[in-house]
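In this note's numbering, the protein residues as written are -1 to 312.
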């Protein structure tokens, strides 16, 4: 039987960082509000990543005004597939993945056929702020589509899996991989039914896995054994996330990274207020990880040195 009070007690014992503690003791202390736009705006994040030499998805075009919407077809000429997303969106809301199109229609990653009018309307909705933080007017970002690595083909259903890394004072503190399911509609969104796999920060190997906050051993659709999952190019994942610290000046942030089969690990986006579900996926709390970093990890190291410190730490 599912006992929420028992789970709550276990989480407390595991050093779970609650929302209030995160907001006041961590975010307020380490993240200056004037730096939030660097990660809340995906366009700014992408530009900063490029300047910092961080591998990220290619920008195809921006649509900033309603009168530009009808020119959309010309903007994507030469690209058979692409992603449309709100520059200030969160949680995957408003993201539209187009895998092929012609003069009559568009086909999404979930095999849904859309008319030109429907795609135009979606872009207009982005501009009007339907998916943005605070409902403010937004910009539609069109970028290249990621082709996820074959290493994960049995672990994710349709959608692109991604790695979320929590960075504390430049050090990766906790990691998980989010795997799409049929229930989540091919999106790597835990609140919509995706699977969260806690990862060992040192190795990128599975610690445990959950769906809807409950432990699972196998992917609900592909039946893959989740304990066999190990993320390739793990050091490169850690380096991308660690470099985000210098890139943004934020002491606490989440870095979302995807593994493209041709281009390797790529920064997808950053978050100044990363959620806390990663603790459930790991079966342990961030408090202990943060205390460990404060007590045992040296200051004033470069991103490369911080990653080497983690990988060589016994």
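Ideal placement from N, C-alpha and C gives every residue a C-beta, glycine not left out.
These numbers come from a predicted model, not from an experiment.
Asked	Found
Got a sec: does the ligand ATP put a non-hydrogen atom nearer than 7 angstroms to the Cβ of residue 144?	Questions concerning the ligand ATP fall outside what the structure shown contains, since it holds no ligand whatsoever.
Nearest CA to the CA of residue 174: which residue from 293, 201, 17, 184?	201
Less than 8 angstroms between the CB atoms is what I'm expecting for residue 214 and residue 125, so what's the real figure, rounded?	39 angstroms between Cβ atoms; not a contact.
What residue range does the beta strand (DSSP E) around residue 267 cover?	262 to 269
So residue 139 and residue 57 are supposed to be a Cβ contact under 8 angstroms. How far apart are they, rounded?	7 angstroms
Report the rounded CA-to-CA distance for residue 289 versus residue 95, giving the unit in angstroms.	40 angstroms
For residue 250, list the residues DSSP reports as bridge partners.	166
Counting only runs of 3+ residues fully inside the region 137 to 186, write out the beta strand (DSSP E) ranges in chain order.	138 to 141, 160 to 166, 169 to 177
Below 8 angstroms, can you find three or more Cβ-Cβ pairs linking the region 21 to 37 to the region 256 to 274?	yes
Would you mind sorting residue 141 into buried or exposed? The rule is 16 or more other CB atoms within 10 Å of its CB.	buried
Could you tell me if residue 240 is buried or exposed, where buried requires 16 or more neighbouring beta carbons within 10 angstroms of its beta carbon?	buried
Tell me, please, whether the region 277 to 292 touches the region 72 to 87 by the rule of three or more beta-carbon pairs shorter than 8 angstroms.	no
On the three-state DSSP scale, how would you describe residue 213?	strand
Quick check on the burial criterion: 16 or more other C-beta atoms within 10 angstroms. Buried or exposed for residue 80?	buried
Kindly indicate which residue of 279, 305, 257 has the alpha-carbon position closest to the one of residue 143.	257
Excluding sequence positions up to five away, which residues of its chain have a Cβ less than 8 angstroms from the Cβ of residue 216?	222, 223, 224
Going by the CB atoms, is the gap between residue 127 and residue 119 shorter than 8 angstroms?	no
Which whole-angstrom value describes the C-beta separation of residue 301 and residue 244, a residue pair presumed to lie in contact below a C-beta threshold of 8 angstroms?	6 angstroms
When you compare each of 15, 166, 204, 170 to residue 235 by their alpha carbons, which one comes out closest?	170
Quick check: the Cα distance between residue 178 and residue 113, rounded to an integer number of angstroms?	26 angstroms
What's the C-alpha gap between residue 253 and residue 16?	20 angstroms
So, helix, strand or coil for residue 14, using DSSP?	coil
Would you say residue 305 and residue 228 are within 8 angstroms of each other, going by their C-beta atoms?	no
Identify the continuous alpha helix (DSSP H) that holds residue 73 and give its terminal residues.	70 to 73
Assuming residue 160 contacts residue 176 (C-beta within less than 8 angstroms), just tell me the rounded distance between them.	6 angstroms
Short check: CB of residue 180 to CB of residue 219, under 8 angstroms?	yes
Note down, in chain order, each residue of its chain lying with its Cβ closer than 6 angstroms to the Cβ of residue 149, except the 5 sequence neighbours on either side.	230
Does the distance from the CB of residue 259 to the CB of residue 147 come in under 8 angstroms?	yes
Specify the secondary structure class of residue 23 as computed by DSSP and reduced to three states.	helix
Rounded to the nearest angstrom, what separates residue 206 and residue 196 at their Cα positions?	5 angstroms
Please work out which residues of its chain come closer than 7 angstroms, Cβ to Cβ, to residue 11, disregarding the five sequence neighbours upstream and downstream, and give them in chain order.	none
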